[in-house]
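Read left to right, the sequence shown gives residues -19 to -1, 1 to 797 (mature numbering (1 follows the signal peptide of the UniProt record, and there is no 0)). Where a beta carbon is used, it is the ideal one built from N, C-alpha and C, also for glycine. Structure first, commentary second.
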Amino acid sequence: MITHKTAFFLCSLLSTATASVLDDYSKTEGAWIFSLTKRLYAVPTDLDCALKCNDEKSFTCRSFMYVQKDQECLTLPTNSKIDTIIRRISTALYEQKEFLKECKNSIGTDYRGSISTTKSGKTCQKWSSNYPHKPNTTPKTHPNADLEHNFCRNPDGDSNGPWCYTTDLQTRWEHCNIQDCSEECMHCSGEDYRGKTSQTENGFTCQRWDSQKPHSHGYIPEVLPEKYLEENYCRNPDGEPRPWCFTTNPSKRWDFCNIPRCTSAPPPAEEELTCATGEGGAYRGIVAVTESGKACQMWSSQTPHKHSRTPENYPCKGLTLNYCRNPDNERMPWCYTTDPDTRWEYCKVPSCGDEPSPIEPVIAPTTDCYEGNGTTYRGVTSETISGKKCQFWTSMLPHSHRKTPQNYPKADLRRNLCRNPDGDRAPWCFTTDPSVRWEYCKVEKCREETVVEAIVPVIMPTQAAAAAPAPAPTPTSKPTGGQAREEDCKSGNGESYRGLTSMTATGVTCQAWSAMSPHQHASFTPETHPTKGLESNQCRNPDNDVNGPWCYTMDPNKKWDYCNIPDCATVKCGQPKVKPRRCLGRIVGGCTSTPHSWPWQISLRTSSGLHFCGGTLIKPQWVLTAAHCLERSKRPSAYKVYLGIHKEVASEPSKQILNLENLILGPSGTDIALLKLERPATITDQVQPVCLPEKDYIVPSGKECYVTGWGETQGTGGEGLLKETGLPVIENKVCNRPSYLFGRVKDHEMCAGNIEGGTDSCQGDSGGPLVCSEKDSFVLQGVTSWGLGCANAMKPGVYTRVSKFIDWIDETIRKN
């Protein structure tokens, strides 16, 4: 007899077993494979779809696609190793992991990867083909061996592993070079190493990548998903000669790991012989002269410059003779020079097609918003709506695609900036998250000058199925009867949105959630989701879609679409009323800011009004600056603070001039100080505080942040006006390399800058802010501190890391 407890136990076992089915699949959001061979099923969940794929009898099911809003399941005989993936909204691609794995167990009878070349490099013949060799082993003779393509397989249990018939007339068949799954080894410099070694060559245990103790660092797994920074395994996220890790020993920050090289051949790479795509990692041409005309040093030579970029350390990077190459993820091909006074320089390698140079400055528009569907958007946003970093358009990792500058020469696909090359509804980009192919970007639509008010009847649930839904209200519309209601706007992704908008972004009226005409659906109804506000036909987000509220539509040809719900305006720190340009360019070399777009920027002046340093308003009565700015005097009366200005001459009516009540230097040996104003500043559209970071927060490597100031411009223009520039954060480990700042950067400091130079903070910018965008606000991460010159190559700027001083800031303000 089965008791209630036994039944519960059996149900739990069944639930666990079925849920584990999805663990056998790799999921990618927003991905679609076009395949002529497929099977369509209507199922309620992705788990049900996985079971359909596992039970598929029509073909070997390698993947399936599931559309949650449509409850559609499509099983496929193909996957991303075989066919091209395209992007498609609200679709998830699930691929069976066994068909993605490129290694074998034992003799490889279970190998289902996509290697299709033999040990000697010959291309495999299709198993179903009779040319050039008539095979004895075919899909018919071995129906369960997955002989559907020309991939290496071991259908007959050959003791030497997978093999194939070849397309070479002289060689009937040959074995393939497939790595053993249990073999801990690396190809090339270990950039793709995914093993589980977690001890360094000197015996140190590796620190977990998601830990900041004992060593704080900028290689954060959730921000850099493409680097596969799992557990405490050795990895190579930054172009070192081989994998490494931070150690658990406080006195040893990081160390290399002893990973042997694989005996199997590395994956073949397409070489570019006459031009460079993207960062030029595949360039194998013969240019051997730098941009300034200096001859390149031989890669195998240590004269005149000693280095580790040798053919032995980087065996897959084509370091032949003295040709320009990019072995370590720089912006473009480069070389060490034969000039003893110039260690290295970039090379002038032509770009393939009309692709812009990766270091070409980006001149930001005055307003970072898009019109229409955003095909003309040329702003500098490079972050998706959920906060993911955009993939470079020229890169094929982590997502392979065809939206390249060559294929879309007029779409301005430079760097990883959000664009709309294919006429979608808004700017978008591929993401650096391997599990999310693409997303729309965090770019607002430009506001129209006039908004027409409308009076909208509310459709009750009992009327919804029969009545035609009402037109959508505009953001300023009011309900009938003059009843006040909340502003029609959303917070975050709009999961809690309960406004009255009932029209899609393209102007189509929404179908009532309880109606089944013109579109049948069972996924989202008032009954299935009683707490999601699905009583009428208003736009909602019942599935927590990252792109915001949506609805089924009254258009028979368009089942569902998103709605255009504006974000609610909230008054917070770090949210300027005027949108910044967010200039990325050649501060020194930056661009002139939009007036009052950085309202926390202050000018620190002498008592006579002469500007000499910057600072940041963090609270109405408190300013953060650099300690070295206060070397001339420790008397508060020696200084004045100017707020609310754009021009250095401070001629704006919005300016506020305040004296100091007190100044407090930071802990000994640090370059940070607090200024207490004689009275709180008046908060206006031109004067607002910035946000402070969480204690000990480390800005991820590569994060684009912004420096502002009235400092020395060295003839690059904009003198006398507030300038800005975008700079990538450089991990301290990289910044302390001998060729950069040679160990000078301390843990309570951080680096930011373009390695090729050309953009930097400079004299007069000291004490000013380095801010980074976090969600909807700007956060003060750095105080401009020091550097070796201004905008010099290999010499990024150094900033006091504000997150290391949160306790000191709080305690100082409390005491004063």
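> Is the region 191 to 199 in contact with the region 223 to 237, if contact means three or more CB pairs nearer than 8 Å?
Replying inline: yes
>> Strictly by DSSP, which residues pair up with asparagine 640?
In response: Lys621
>> Give me the residue from Trp280, Phe132, Lys33 with the minimum Cα distance to threonine 147.
In response: Phe132
>> Taking the alpha carbon of residue 803 as the reference point, which residue from Leu81, Lys553, Asn183 has its own alpha carbon closest?
In response: Residue 803 falls outside the range modelled here, since the chain spans only -19 to 797, and no answer is possible.
> Whose C-beta lies closer than 8 Å to the C-beta of threonine 371 among residues of the same chain, with five residues either side of it excluded?
Replying inline: Residue 371 is actually cysteine in this sequence, not threonine. These residues qualify, in order along the chain: Ser363, Glu364, Thr365, Asn397, Leu398, Cys399, Cys410, Phe411, Thr412, Thr413, Cys422.
> Is it buried or exposed for proline 674, if we count other Cβ within 10 angstroms and need 16 for buried?
Replying inline: buried
> Taking just the CA atoms, how far does tyrosine 533 sit from threonine 99?
Replying inline: 52 Å
>> Contact defined as beta carbons within less than 8 Å: I believe arginine 134 pairs with tyrosine 200. What is the distance between those atoms, to the nearest angstrom?
In response: Going by Cβ atoms, the distance from arginine 134 to tyrosine 200 rounds to 38 Å, so no, they are not a contact pair.
> serine 614 to lysine 657, Cα distance in whole Å?
Replying inline: 15 Å
> To the nearest angstrom, how far is it from the Cα of alanine 654 to the Cα of proline 206?
Replying inline: 36 Å
> Between which two residues does the alpha helix (DSSP H) carrying leucine 28 extend?
Replying inline: 27 to 35
> Pick from Asn528, Met484, Gly555: whose alpha carbon is nearest that of glutamine 519?
Replying inline: Met484
> Are the beta-carbon atoms belonging to proline 523 and histidine 502 less than 8 Å from one another?
Replying inline: no
>> On the criterion of 16 or more Cβ atoms from any shown chain inside 10 Å, does proline 402 qualify as buried, or is it exposed?
In response: buried
>> Relative to the C-alpha of arginine 189, which candidate in Leu210, Asp173, Arg175 has its C-alpha closest?
In response: Leu210
>> Taking the straight line between their C-alpha atoms, what separation do you get for threonine 575 and serine 747?
In response: 21 Å
> Would DSSP call isoleucine 790 helix, strand or coil?
Replying inline: helix
> When the Cβ atoms of the region 104 to 111 are set against those of the region 63 to 73, are three or more pairs found closer than 8 Å?
Replying inline: no
> How many whole angstroms separate the CB atoms of arginine 234 and glycine 171, which I take to be in contact at a CB cut-off of 8 Å?
Replying inline: About 19 Å separates the two Cβ atoms, so there is no contact after all.
> Straight-line CA distance for asparagine 35 to aspartate 29?
Replying inline: 10 Å
>> Can you tell me which residues form a DSSP beta bridge with aspartate 548?
In response: Lys471
>> Nearest by alpha-carbon distance to valine 24: which of Pro321, Ser232, Gln52, Asn545 is it?
In response: Gln52
> Counting along the chain, where does the alpha helix (DSSP H) carrying lysine 714 start and finish?
Replying inline: 713 to 716
>> Quick check on DSSP: helix, strand or coil for histidine 168?
In response: coil
>> Tell me the residue span of the beta strand (DSSP E) that contains lysine 684.
In response: No beta strand (DSSP E) holds lysine 684; DSSP gives it neither H nor E.
> Candidates Leu81, His123, Trp154: which alpha carbon is nearest lysine 114's?
Replying inline: The displayed chain sequence assigns histidine, not lysine, to residue 114. Here the closest residue by C-alpha is Trp154.
> Three-state secondary structure (DSSP) at alanine 733?
Replying inline: strand
>> Using only the alpha-carbon positions, how far apart do glutamate 633 and leucine 702 sit?
In response: 12 Å
> How many angstroms separate the CA atom of leucine 55 from the CA atom of proline 777?
Replying inline: 51 Å
> Which class does serine 784 belong to by DSSP, given the choice of helix, strand or coil?
Replying inline: helix
> What runs of the alpha helix (DSSP H), each 4 residues or longer, lie entirely inside the region 272 to 329?
Replying inline: none
>> What does the Cβ neighbour count give for isoleucine 267, buried or exposed, with the cut at 16 atoms within 10 Å?
In response: exposed
> How many whole angstroms separate the CB atoms of asparagine 354 and alanine 407, which I take to be in contact at a CB cut-off of 8 Å?
Replying inline: 6 Å
> Under the criterion of a Cβ to heavy atom distance below 7 Å, does threonine 323 qualify as lining the ligand FMN?
Replying inline: Absence of the ligand FMN from the depicted structure is noted, as is the absence of any ligand whatsoever, leaving it without description.
> When the Cα atoms are used, what is the spatial distance from glutamate 659 to glycine 683?
Replying inline: 39 Å
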